[in-house]
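Here's the structure, in structure tokens; my notes come after.
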Amino acid sequence: MWPGQQPPGGEQNPQDPNQNPYQQPGYQQPNPYTQPGQQPAPPPGYPPQQGYQTPNPYQQPTVPQYPVGSPPGPPQPPEKNDKKKTTLIAIIAATAVVVAAAVTGVVVLKDDGKSDTKADGKDKKSPAASSPAAPSSPAANPRGAGTQVQPVIAGWKVVVNPTKGDAFDVPPDWEVDSPGMSVGWSDKADPNGFGGMMMSSPAYYKSKWCTTKNGSGRDENTALAQIGTKGANGAKSTDDAAEQADDWLYYAYTQPDKNHITSEKPVPFTTKSGLQGSVVRAKTTGAKKTDKCSTEGQSVLFGFKTAKGDLAAWSFIANTGVPGAVDEDTIQKILGTIRLVPVTDSGS
Numbered sequence: 047m048w049p050g051q052q053p054p055g056g057e058q059n060p061q062d063p064n065q066n067p068y069q070q071p072g073y074q075q076p077n078p079y080t081q082p083g084q085q086p087a088p089p090p091g092y093p094p095q096q097g098y099q100t101p102n103p104y105q106q107p108t109v110p111q112y113p114v115g116s117p118p119g120p121p122q123p124p125e126k127n128d129k130k131k132t133t134l135i136a137i138i139a140a141t142a143v144v145v146a147a148a149v150t151g152v153v154v155l156k157d158d159g160k161s162d163t164k165a166d167g168k169d170k171k172s173p174a175a176s177s178p179a180a181p182s183s184p185a186a187n188p189r190g191a192g193t194q195v196q197p198v199i200a201g202w203k204v205v206v207n208p209t210k211g212d213a214f215d216v217p218p219d220w221e222v223d224s225p226g227m228s229v230g231w232s233d234k235a236d237p238n239g240f241g242g243m244m245m246s247s248p249a250y251y252k253s254k255w256c257t258t259k260n261g262s263g264r265d266e267n268t269a270l271a272q273i274g275t276k277g278a279n280g281a282k283s284t285d286d287a288a289e290q291a292d293d294w295l296y297y298a299y300t301q302p303d304k305n306h307i308t309s310e311k312p313v314p315f316t317t318k319s320g321l322q323g324s325v326v327r328a329k330t331t332g333a334k335k336t337d338k339c340s341t342e343g344q345s346v347l348f349g350f351k352t353a354k355g356d357l358a359a360w361s362f363i364a365n366t367g368v369p370g371a372v373d374e375d376t377i378q379k380i381l382g383t384i385r386l387v388p389v390t391d392s393g394s
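In the numbering used here, the protein residues as written are 47 to 394.
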């Protein structure tokens, strides 16, 4: 998939809803346009594609420093080539602006939405890992600095989504990506790699659990599990928001096959913080194996209403039936920590 940023509101690509075999009416997939980039290992199933990172809302701005010159000397008569100098300086300045703009265009993308040009999500091999753009190998929590959000489980890391306004905890051996990162899986049927599913502010478990080579000979890492939050445009209830569990498995594990996914009905769920919503679970059975990293998978989605009144879905996607797979007890503990936090990034 091609992980990448998408405009606020939902991580599905805006495309013909009929393309998504499991798409609920009203949901439109955001366009994850992918761009090559290194990121933390992709999530389960097919490796995700790389995503683009938006500026970290918690990062302190760098203060530029200017050299202090000596006091000005007596006025000098203007030189004849002053005009040329001025022109040269203007050209240099303009060039610098163009270069800066080019760099910014690559790095700064809208969080949680369609990438305006390209995105990186897991290509089935590296969905989350972009694979999602390989995030640094986080041992420390990159979201922790400068925020007041602390984990509710001692010793765990906190994952904060500054655009959706939610947070949850993950065990200490998980990797927490940048808040501005979006990753997922693209639609293989689309020649341009559009469509598919995306989540933002992800965290990964064993991001380099399995590695294969793509068509270009580059390594594609597959994570054992990944979690993030996505929008639910068009959803009318928390049940609707959570009923995207099938979609995740289709793009991450079974496409183009729709017949090896089963899901449960939405059930009410309340987290430890008192946040109410709906949980939907889905799993694959008999998914076709395309390479050494192929496995069965499961998804657990928690549909909830954000502080802004929008519907969103906390999304857990993981490989199953393999040594070290995330156990049910851990899933329930993580799920129970979901809570609302202040929105510190408008996503614009």
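Beta carbons are placed, not taken as given, at the ideal position from N, Cα and C, and that holds for glycine.
- With three or more CB-CB distances shorter than 8 Å, the stretch 238–253 counts as touching the stretch 274–294.
- With 16 or more other Cβ atoms inside 10 Å of its own Cβ, P312 counts as buried.
- Bounds of the beta strand (DSSP E) holding A249 are M243 to Y251.
- Counting C-beta pairs closer than 8 Å gives three or more between the stretch 220–227 and the stretch 195–208, which meets the contact rule.
- Look at W231 here: in three-state DSSP terms it is strand.
- With a cut-off of 8 Å on Cβ pairs, the stretch 365–381 is not in contact with the stretch 349–356, counting fewer than three such pairs.
- When beta bridges are read from the DSSP output, R385 appears opposite A213.
- Distances from the CA of V326 to each of A291, S319 and L295 were compared; the closest alpha carbon is that of A291.
- Secondary structure at K379: helix, using DSSP grouped into helix, strand and coil.
- Annotation for C256: T268 and C339 place their beta carbon closer than 6 Å to its own, counting only its chain and skipping 5 residues before and after.
- Distance from I363 to A298 at the Cβ level is roughly 6 Å; contact confirmed, criterion being Cβ atoms closer than 8 Å.
- D219 counts as exposed, since fewer than 16 other beta carbons sit within 10 angstroms of its beta carbon.
- Assigned with DSSP and collapsed to three states, A287 falls in helix.
- Note on T316: under 16 other CB atoms within 10 angstroms of its CB, so exposed under the neighbour-count rule.
- Between the alpha carbons of F214 and D303 lies a distance of about 32 Å.
- For R327, the uninterrupted beta strand (DSSP E) run begins and ends at Q322 to T330, by DSSP.
- Straight across, the Cα-Cα distance linking F240 with I199 is about 38 Å.
- Counting along the chain, the unbroken beta strand (DSSP E) around I363 starts and ends at L357 to T366.
- Our two residues, G263 and A235, have alpha carbons roughly 22 Å apart in a direct line.
- Nearest Cα to P369 within the set L270, F348 and Q344: L270.
- Here S324 is buried, its C-beta having at least 16 other C-beta atoms within 10 Å.
- For E342, the uninterrupted beta strand (DSSP E) run begins and ends at E342 to K351, by DSSP.
- Taken in chain order, the whole alpha helix (DSSP H) runs of length 4 or more contained in the stretch 271–318 are 284–288 and 291–295.
- Annotation: the continuous beta strand (DSSP E) that includes T257 extends over C256 to K259.
- Beta-carbon to beta-carbon, G242 and G261 are separated by about 18 Å, too far to satisfy the 8 Å threshold.
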